[in-house]
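First comes the structure, then the notes that go with it.
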Amino acid sequence: MPNPIFDLAVTNIKGQAVELKDYQGKVLLVVNTASKCGFTPQYKGLEVLYQKYKEQGLEILGFPCNQFGQQEQGNETEISEFCELNYGVSFPMFAKVDVNGPDASPLFKNLKQQKPGLLGSESIKWNFTKFLIGRDGKVILRAAPLTKPEELEAEVQAALAEK
-13 MPNPIFDLAV TNIKGQAVEL KDYQGKVLLV VNTASKCGFT PQYKGLEVLY QKYKEQGLEI
47 LGFPCNQFGQ QEQGNETEIS EFCELNYGVS FPMFAKVDVN GPDASPLFKN LKQQKPGLLG
107 SESIKWNFTK FLIGRDGKVI LRAAPLTKPE ELEAEVQAAL AEK
């Protein structure tokens, strides 16, 4: 079993280290994002979920990734401005990461080990793959890019109900 995600650290979009233990006790929705993808409008649905449930303990963590079709070529400042201006994103965004391969982020390695995709494949297939994580740091579900954020509302509510 992989180490709890709360033992890991990540870098936010401003270049500052963030300990994931700061999110312990919260329900997390971790998403690999991109600014020039057909799924990019999902930022809006993610923000709606965040606004609706953040007071109950939901945190959405966005991780830009340029591994799929080179659809996230901007630097962190450009990505941050794009998300804020176009979609009003207020949930935490992080520095660009790889989600597959030898340089994959330890967070995404952990999530993929906890919840492999179809046919047991650990690799992430495209942008906007979503991992819903319970307050205990365990992955509850892995949702494909086609799954819209609003389609996860019942699962988010159930995860928030568990104390």
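Residue numbering for the sequence shown follows our numbering, starting at -13 and increasing by one per position.
The C-beta atom is built at its ideal place from N, Cα and C for all residues, glycine as well.
Bear in mind that the values here come from a model prediction, so they are computed numbers and not experimental data.
{"query": "Runs of 4 residues minimum, wholly inside the region 25 to 113: which ones carry the alpha helix (DSSP H) assignment?", "result": "28 to 39, 62 to 73, 92 to 100"}
{"query": "Residues bridged to Phe(-8) by DSSP?", "result": "DSSP output for Phe(-8) lists no bridge partner at all."}
{"query": "Below 8 Å, how does it come out for the region 21 to 34 and the region -9 to 9: are there three or more Cβ pairs, yes or no?", "result": "no"}
{"query": "Compute the Euclidean distance between the alpha carbons of Asp84 and Cys51, then round it to the nearest angstrom.", "result": "6 Å"}
{"query": "With distances taken Cα to Cα, identify the nearest neighbour of Glu108 among Gly123, Ala129, Gly120.", "result": "Ala129"}
{"query": "How many Å lie between Val125 and Cys23 at the Cα?", "result": "25 Å"}
{"query": "According to DSSP, is Pro131 part of a helix, a strand, or is it coil?", "result": "coil"}
{"query": "Please state whether DSSP places Ala3 in a helix, a strand or coil.", "result": "strand"}
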